[in-house]
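Throughout, the numbering used here is defined as the position within the sequence shown, counted from one, plus 194. Report on the following structure.
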Amino acid sequence: MDRWRELEDDASRATIILQKLTSRKEELRESLPRGTEPMPRSELHFCNGLAFTFVRKLGVGLSFEAGHGFVIRKIYTGEQNGRPTWTWSAPLFLTVTAAGLGLTVGYTEIESIIVLDTPEAVQAFTKSQWAVDTDITGAAGGAVGAHLPATAANMSNMKLSDKTFTYSITKGAILDVSLTGLNYATDPAMNKSFYGNRGVTPQSVLDGAVEPPEPMRELYAALDKVLNEYYATVDSQVAMETQVERARDEGAGTSAAGAAEGAAAAAAAAAAPGGKGGSEEPAGAAEDAEISPAAGEKAAGVGDAGGTAEPHED
């Protein structure tokens, strides 16, 4: 298989993994192996990069892992209409190898999205990474790892794993309790075939110095779609919370206005001749009150009983 076709297949597999792990559609969720944990869409907002790996693991006493993958960096480009904007770097191609000693029986294929939450975690893939750790895995058509320190091929002791999490889909059945040595390294042959010998380094690939290969467009479009759906959900939630808060404030304002109007009406009623709580005055005094400036003050809310009632301001 030529390398172009290999990348087309890997980009398509990565797109399918992303769609399955982030989908809210029941039919896609039901197609996942038992025990698979979904990946929150917010992970794509907070991440600085993503690695997609495809690993096969075989064990009969000793365990062996081999696979490949690629890492891409999310490059922020600014903000538009209150939302962040971004682009994705070209893929830096990787190899994955591992071997373990212990109790291992079975075979499994593990397809993973590794979420890289810090720039350091992304840059760590530009160098060869080694780790030795205890791998405890039981998979029978189930999933390995779910927003835990990376365990798809057991990266929990690697320098990049402090803010690194994996979401995986497994196929097959395996029982693995072993001491595993793992290596992630750049794939010089694959990188050279796409970027040539024009001074391109692993770091420059992740910095966006080279144009992404055409087969990656499908994956980038899927990533952008999930991110935009996440932002739309956030916008809707914020709008709803704003409406609820505004309605609460308006309701409180209406209640306060009603209380003020009621108090003013009660004060005016108390001040009126024959009103409750007031004393009856001679008819002459009542007539004088009709043309007296003092009567105007009462109409504005100054009462004889209970002090001064402040007028309501809208």
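Glycine included, C-beta positions come from ideal geometry on N, C-alpha and C. These figures come from a predicted structure and were not determined experimentally.
Do you know offhand how far arginine 250's Cα is from isoleucine 211's?
-> 16 Å
What is the residue span of the alpha helix (DSSP H) that threonine 216 lies within?
-> 197 to 216
Do glycine 261 and isoleucine 308 have their CB atoms nearer than 9 Å?
-> no
Which of the three DSSP states, helix, strand or coil, is assigned to threonine 279?
-> strand
Quick one: using the 10 Å Cβ neighbour count with 16 as the cut-off for buried, is glutamate 475 buried or exposed?
-> Caution applies to glutamate 475, whose pLDDT of 42 falls short of 50 and renders its modelled position unreliable; the model cannot decide the point.
Assumed close pair leucine 400, threonine 320 - CB separation to whole angstroms, cut-off 8 Å | 7 Å
Skipping 5 residues on each side, what residues in its chain have a beta carbon closer than 8 Å to that of glutamine 397?
-> Gln317, Thr320
Comparing alpha-carbon positions, which option in Arg197, Asp196, Thr216, Glu405 lies nearest tyrosine 361?
-> Thr216
State the DSSP-derived secondary structure class of serine 398, mapped to helix, strand or coil.
-> helix
Starting from asparagine 385, trace the alpha helix (DSSP H) both ways and give me its first and last residue.
-> 382 to 389
Among Val394, Ala284, Gly393, nearest to glycine 402 - alpha-carbon criterion | Ala284
Does the beta-carbon of glutamate 259 have 16 or more other beta-carbons within 10 angstroms, so that it is buried, or is it exposed?
-> buried
Residues that arginine 250 bridges to, as DSSP identifies them | Ala260, Glu303
In terms of residue numbering, what span does the alpha helix (DSSP H) encompassing proline 313 cover?
-> 313 to 317
C-alpha gap between tyrosine 301 and aspartate 204, whole angstroms | 21 Å
Express the C-alpha separation of tyrosine 378 and glycine 253 in angstroms, rounding to a whole number.
-> 20 Å
From what residue to what residue does the alpha helix (DSSP H) around glutamate 237 run?
-> 236 to 240
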